[in-house]
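Chains as they are written, first to last, in our numbering: chain G, 1 to 372; chain Y, 1001 to 1178.
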């Protein structure tokens, strides 16, 4: 299994439904029944609110309205890129969303007129003069995709670089109808959805596309942390909150202590597994009034499970708990699988651990689904 | 609102393209009976949103919808924990595997990694289309795929090495759960 292609070929050998296995053609009576039923369904135009995927192709842009502003929109108006206007004690910065024909400028690399993208990489990211993280508090409400004066307002929670404003407004000032640019140019459209958190970079007052701005996924956060230093290096101590999602937390393989001993604060977070009524991975509840030292001591009784001895989990609903510790302005997130492999825990550096019986029984007070 | 004739034509054209691949996608991930149900759900979404389906990536778009419908289906099914426990063996399609080591290695990866690998090797999608299915950026898809293949290779090699001394560790692990 030397190359990826070998691996792909070998994986395809264990495909339970290869193309050699026949499936129902759409012409079969059964299929036709299903299709008839579907096509008899009345459409309510208002139903088209499902948001599938954040990354849209140009042909989709026409359907993007209301709560969505996409990159790759012709923006003729020019907004001031720098000045900070004090409003109600808060500082606001206005940035322009890029125009379709204008170039992406990232790391001093200016792309061609067809708005082709410079490949995303940490070194380029590092060169960007302005970068911040913020949550969308408002999106201008337009139901028709003519996109005049589309604005997105973000409440900044962290400046990586190049600014101090509390609030940033992104705007497209255009009196022109939506004009799709070349397909390559808008491939990386970003939808700004109210309530979601984004990592944004800008050069010369214009927001960068091409992957240099996007929803705050673990991947993007990691890249930003690599480029600008960890977000925890903020001037004020980090707030101890449950992460909104635990996606992307991978066990590593370093031996050591599972969690820092005698931490200052702790918060326990429970996320929905696939057997819950709410969306998988949603934060269900959290508990903050815990004794950090006691909990840390119990967790540190855990034994490391060496590589190569992974346990198999017969039934695993992928329910996760997270215990977030704060010590000396550093945050450690411990993830615990509650079902099947109910006794394993991991931080992003610590690999798989087996929690002690005492720790498990203590944790069961917080989450009864933690296995015995 | 009733669909315009051109929408009907477009929907029918799409169905001819994606009907069989969709069935495969579903049968790879859930039992036959449920696959049929979910297929109906996916077709309904396609019908409702025929205008939204990108011509250049229709199949990937539909896989993305199927992924969501599948998750809904599973959530519904999984509410009855006991039932699921009993049916657990039936819910996951069994693979007539002549490569048990690779399958085991695959099974030990987190679900997110497995899904990326399945989309890549079984649905045979390039990262660009994997991105559409998962609703992430093409960049993130490439990174995830890269990591998943790396993990799978590591897991596979590890399995090969531990194979000869016997399964002691794994056996212990299984007993611990029970």
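Where is the CB? At the ideal position from N, CA and C, for every residue including glycine. Treat the numbers as computed from the prediction; the structure is a model and nothing was measured.
Query                                                                                                                                                                                                   : Result
Could you tell me whether the Cβ atoms of residue 219 of chain G and residue 1143 of chain Y are closer together than 7 Å?                                                                              : yes
Please work out which residues of its chain come closer than 6 Å, Cβ to Cβ, to residue 270 of chain G, disregarding the five sequence neighbours upstream and downstream, and give them in chain order. : 284, 285, 321 and 367
Would you say residue 1062 of chain Y reaches chain G, if we count a Cβ-Cβ gap shorter than 7 Å as a contact?                                                                                           : no
On the DSSP bridge assignment, give the partners of residue 334 of chain G in chain order.                                                                                                              : G:323
May I ask which residues mark the beginning and end of the beta strand (DSSP E) holding residue 124 of chain G?                                                                                         : Looking at the DSSP string, residue 124 of chain G is not in any beta strand (DSSP E); the run it does join, the alpha helix (DSSP H), is 122-127.
Below 8 Å on the Cβ atoms is my contact criterion, and I expect residue 139 of chain G with residue 156 of chain G to pass it. Report the Cβ-Cβ distance as a whole number of Å.                        : Not confirmed; about 16 Å, so no contact.
Taking CB distances under 7 Å as the criterion, tell me whether residue 1034 of chain Y reaches chain G.                                                                                                : no
7 Å is my cut-off, CB to CB: does residue 1069 of chain Y come that close to chain G?                                                                                                                   : no
Can residue 1121 of chain Y and residue 12 of chain G be called in contact, C-beta distance under 7 Å?                                                                                                  : yes
Using 10 angstroms around the beta-carbon of residue 1140 of chain Y, count the other beta-carbons present and answer buried if the total reaches 16, otherwise exposed.                                : buried
When the distance is taken between beta carbons, is residue 228 of chain G closer than 7 Å to residue 161 of chain G?                                                                                   : yes
Just to confirm, are residue 1114 of chain Y and residue 1155 of chain Y a CB contact at a threshold of 7 Å?                                                                                            : no
Return the CA-CA distance between residue 1099 of chain Y and residue 1036 of chain Y, expressed in angstroms with no decimal places.                                                                   : 28 Å
Can you give me the C-alpha to C-alpha distance between residue 221 of chain G and residue 125 of chain G, rounded to a whole angstrom?                                                                 : 12 Å
Measuring alpha carbon to alpha carbon, tell me which of G:206, G:332, G:15 and G:28 ends up nearest residue 1025 of chain Y.                                                                           : G:15
Between G:224, G:128 and G:35, which has its C-alpha nearest residue 158 of chain G's C-alpha?                                                                                                          : G:224
Between residue 91 of chain G and residue 210 of chain G, what straight-line distance do the alpha-carbon atoms span, to the nearest angstrom?                                                          : 28 Å
Over what stretch of residues does the alpha helix (DSSP H) that includes residue 1019 of chain Y continue unbroken?                                                                                    : 1005-1027
For residue 6 of chain G, decide whether its Cβ has a neighbour in chain Y, counting only Cβ atoms nearer than 7 Å.                                                                                     : no
Is residue 1064 of chain Y closer than 7 Å to residue 1132 of chain Y when the C-beta atoms are compared?                                                                                               : yes
Using the Cα positions of residue 50 of chain G and residue 296 of chain G, report the straight-line distance between them to the nearest angstrom.                                                     : Residue placement at residue 50 of chain G is flagged as unreliable, the pLDDT there being 37, under the threshold of 50; a coordinate-derived value is accordingly withheld.
So if I threshold CB-CB distances at 8 Å, which residues from the segment 196-226 of chain G count as touching chain Y?                                                                                 : 211, 214, 217, 219 and 220
For residue 284 of chain G, report the span of its beta strand (DSSP E) as first-last.                                                                                                                  : 283-287
At the level of alpha carbons, what is the spacing between residue 201 of chain G and residue 40 of chain G?                                                                                            : 47 Å
Can a CB atom of chain Y be found closer than 7 Å to the CB of residue 157 of chain G?                                                                                                                  : no
According to the Cβ coordinates, are residue 1023 of chain Y and residue 21 of chain G closer than 7 Å?                                                                                                 : no
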